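Engineer: Please read through the structure below; I'll follow up with questions.
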Amino acid sequence: MKEVGLDKLPPKCKDCGGVLKPDFVFFGEPIPEHVAIESYRETEMSDVFILIGTTGEIMPASGIPFIAKSNGAKIVEINIEKSNYTSQITDVFLKGKATLIMDNLVKVLRG
Numbered sequence: 002m003k004e005v006g007l008d009k010l011p012p013k014c015k016d017c018g019g020v021l022k023p024d025f026v027f028f029g030e031p032i033p034e035h036v037a038i039e040s041y042r043e044t045e046m047s048d049v050f051i052l053i054g055t056t057g058e059i060m061p062a063s064g065i066p067f068i069a070k071s072n073g074a075k076i077v078e079i080n081i082e083k084s085n086y087t088s089q090i091t092d093v094f095l096k097g098k099a100t101l102i103m104d105n106l107v108k109v110l111r112g
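FYI, in our numbering the residues of the sequence shown are 2 to 112.
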């Protein structure tokens, strides 16, 4: 951000003129094909699938945890409220803020 001025929006790349944006998918944007393929591959191999802070309402990403569950993965949900997944596929629901819960999980797993 230090190298990119925000005085003119949206910020553009000085080399190609393309719009600069964070490395995540905004609502309404498609998941890049190579990322989607990799996420499905990883999902199908997972033993444990951790859902963090999602309502489970936005397709196509909302379908990915169901694939993990159908392949035998245990679903751990971390959320401040119950989601569309909680009563359907969640095996362990950890209620709370993601940062606090994840910090505690790391401490427990490190022993």
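C-beta: ideal position from N, C-alpha, C; glycine also. All values derive from a computational prediction rather than experimental measurement.
1) With DSSP collapsed to three states, give me the class of N80.
2) Considering only C-alpha positions, which residue in the set K15, L52, S40 is nearest to N85?
3) In terms of DSSP beta bridges, what is V20 paired with?
4) If contacts are defined as beta-carbon pairs under 8 Å, then N32 and G54 qualify, I think. What distance do you get, rounded to the angstrom?
5) State the CB to CB distance for the pair I76 and I90, rounded to an integer number of angstroms; the pair is presumed to be in contact (CB under 8 Å).
Structural biologist: With the structure as the only source:
1) In this structure, N80 counts as strand in the three-state DSSP scheme.
2) With respect to the C-alpha of N85, the residue from K15, L52, S40 having the closest C-alpha is L52.
3) K13
4) Looking at the sequence provided, one finds Ile at residue 32 rather than Asn. Incorrect: roughly 18 Å between the Cβ atoms, too far for contact.
5) 5 Å
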